[in-house]
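In the numbering used here, the protein residues as written are 731 to 1167.
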């Protein structure tokens, strides 16, 4: 099935698009979980009214970088102040029509003092620099809200499942700017230098080289100091993932099969003739998701093994489990027993009684961060502690596409309203990475 909004290929039984979060086919009642037509105003099974479509609100938010109320958001005021009173029982007070000149003169004098003080301040204070930051809540800091560190292998696999727009070697951060160009910054996200002036994805750092896909999705390479771009494979490549001295990728023109590019020998080999999507590794075991389920390809024995037959997306391996999304729920499966379990169900509701639908996630060895794509969520990111399984809200008020989220040093870099912002997950402060003066 093809998503009607982003036109990417998704599972036939999906209820939501795994890439952009668009509801598909049926509207699910938040009360009884029954299926309804997408244009239904009331549930046909329990009668509960559906909340109104939020698309107009999202459109206005994206346009003005802040929430602009629409007419239906504004509560109707009761203009008849006597509607609940017996008019015959209302006693009117006598109005004093005398002008109190002392009060008037005191007010005028106070106004002149305030006006004069404001004029003096504006004339003698330093001009403020205004940055075009996204409309998000929380305190907006000046510059980065955290210092970067080298991205771990797990963070890299997780980021690459979400278009791979950020990676770090511990000396520099390599990421895309607001235009999608490949840039290099220091570890404080400052002193940005453009390395490739075109939209790139799937950034992989290998020694002093950067491997990525360009605007045509060709596999390319450049040096970390800004050398010339070299095209390696002039065919559409997706889910490019570095492991050891090899780059694994999906070749779009060959039935979306799994390929291995050896960096040292510069040769490519087809490994699996299936529709392969994002990947994660544990030693010589390559875990990936395909149309019909979750698989592991054993690099040593060159054998392919089905772990679980299920609709899924965004697979990540961690300590004997493969984490994935199934129909807007966050799941995991034990790779030994092949037993699945639910971590966050799509029937879960937050404290505001809003349904949580998991659209995408990133993870490390501490936590999972996922974006709620429910049309009623208000753009929330949640954190799931891997030890306690506790779920809590990290940030609200974001306007993301489902893959605009990256993880570095247990902090987040997300794109909201087409601007990258850094979110410190400890103190929940946020700031634009690339400020527009």
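Where a beta carbon is used, it is the ideal one built from N, C-alpha and C, also for glycine.
- Within the stretch 991-1032, the runs of beta strand (DSSP E) at least 3 residues long that lie entirely inside it are, in chain order, 997-1002, 1006-1012, 1015-1020 and 1024-1028.
- Look at residue 923 here: in three-state DSSP terms it is strand.
- Secondary structure note for residue 887: its alpha helix (DSSP H) is the uninterrupted segment 883-890.
- Going by DSSP, residue 968 is part of the beta strand (DSSP E) stretching over 967-973.
- Residue range 1059-1064 is occupied by the beta strand (DSSP E) that includes residue 1059.
- Shown here, residue 914 sits in a strand according to DSSP, grouped into three states.
- When 875, 884 and 952 are compared, the shortest CA-CA separation from residue 904 is found for 952.
- DSSP places residue 754 in the coil class of the three-state scheme, outside both helix and strand.
- Look at residue 840 here: in three-state DSSP terms it is helix.
- Here residue 878 is near residue 1139, since their CB atoms are less than 8 Å apart.
- With respect to residue 889, residue 1060 sits apart: the two C-beta atoms are not nearer than 8 Å.
- Rounded to the nearest angstrom, the Cβ distance from residue 897 to residue 1046 is 16 Å, too far for a contact under 8 Å.
- The residues 1007, 1008, 1042, 1043, 1045 and 1054, in chain order, have a CB closer than 7 Å to that of residue 1019 in the same chain once the five nearest residues on each side in sequence are set aside.
- In the three-state scheme derived from DSSP, where H, G and I count as helix and E and B as strand, residue 894 is classed as coil.
- In this model, residue 1123 and residue 973 are separated by some 33 Å (Cα to Cα).
- For residue 1141, the closest of 1148, 1152 and 1147 by C-alpha to C-alpha distance is 1152.
- Per DSSP, the unbroken beta strand (DSSP E) holding residue 950 starts and ends at 949-953.
- The beta carbons of residue 1116 and residue 1098 sit about 7 Å from each other, so the pair counts as a contact at 8 Å.
- Sixteen is the threshold: when 16 or more other Cβ atoms of the shown chains lie within 10 Å of the Cβ of residue 894, as they do, the residue is buried.
- Under the three-state reduction of DSSP, residue 1116 is assigned to coil, being neither helix nor strand.
- For residue 1149, the enclosing beta strand (DSSP E) stretches over residues 1149-1153.
- The beta carbon of residue 965 lies closer than 6 Å to those of 983 in the same chain, with the five residues before and after it left out.
- The shortest CA-to-CA distance from residue 1073 to any of 747, 1056, 1148 and 936 is the one to 1056.
- DSSP lists 896 and 913 as the beta-bridge partner residues of residue 905.
- By the CB criterion at 8 Å, residue 1010 and residue 1091 fall outside the cutoff.
- Within the same chain, Cβ atoms closer than 7 Å to the Cβ of residue 1075 are found at 1059, the five residues on either side in sequence being excluded.
- Here DSSP, grouped into helix, strand and coil, assigns residue 1110 to coil.
- Its chain contains 928 and 929 as the residues whose beta carbon lies nearer than 7 Å to that of residue 945, once the 5 sequence neighbours on both sides are disregarded; these appear in chain order.
- Rounded to whole angstroms, residue 961 and residue 1121 show a C-alpha spacing of 43 Å.
- Short of 6 Å from the beta carbon of residue 999, and not among the five residues preceding or following it, lie these beta carbons of its own chain, in chain order: 990.
- By the Cβ neighbour-count rule, residue 748 is buried, with 16 or more other Cβ atoms within 10 Å of its own.
- Under the DSSP assignment, residue 748 falls outside any beta strand (DSSP E); it carries neither an H nor an E label.
- With a cutoff of 8 Å on beta-carbon distance, residue 924 and residue 911 are scored as near each other.
- Residue pairing by DSSP places residue 928 opposite no residue, since no beta bridge is assigned to it.
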